[in-house]
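Here the sequence shown is numbered in the UniProt record's numbering, starting from 1 and rising by one per residue.
Heads up, the beta-carbon is just placed ideally off N, CA and C, and yes, glycines get one too.
These figures come from a predicted structure and were not determined experimentally.
One structure is given below, encoded as structure tokens.
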Amino acid sequence: MPGVRNGVRASQLDAHWIKSRHSNAEGNCVEVAPLLDGGVALRNSRDPDGPALVYTAAELAAFLAGAKDGEFDHLV
Numbered sequence: 001m002p003g004v005r006n007g008v009r010a011s012q013l014d015a016h017w018i019k020s021r022h023s024n025a026e027g028n029c030v031e032v033a034p035l036l037d038g039g040v041a042l043r044n045s046r047d048p049d050g051p052a053l054v055y056t057a058a059e060l061a062a063f064l065a066g067a068k069d070g071e072f073d074h075l076v
């Protein structure tokens, strides 16, 4: 599905969604899925039919690097 746009229904993506092993029974979870065009989609596991946020691999890599460096620790 090339050219996937932000806000597309996550359930419309032909994607294999992955949930973190750190997820808990209260449904506090974000799921990710690789896309055919190299992008990555994210969705709220409590709303699997809701909108997906779509990022390029470079955007996600930059976010993960910041998270690993603790740049967002003040948010939790």
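Note to self: Contact between the segment 1-10 and the segment 43-53 is defined here as three or more beta-carbon pairs at a separation below 8 Å; is this criterion met?
What the structure shows: The segment 1-10 makes contact with the segment 43-53: 3 or more CB pairs, one atom from each, lie closer than 8 Å.
Exercise. Which class does Ala61 belong to by DSSP, given the choice of helix, strand or coil?
Worked result: In the structure shown, Ala61 falls within a helical segment according to DSSP collapsed to helix, strand and coil.
* To do: Measure the Cβ-Cβ separation of Ile18 and Ala41 and say whether it is below 8 Å.
  => No Cβ-Cβ contact shorter than 8 Å links Ile18 with Ala41.
Can you give the Cα-Cα distance for Glu26 and Arg43, rounded to whole angstroms?
Take the alpha-carbon of Glu26 and the one of Arg43: they are about 16 Å apart.
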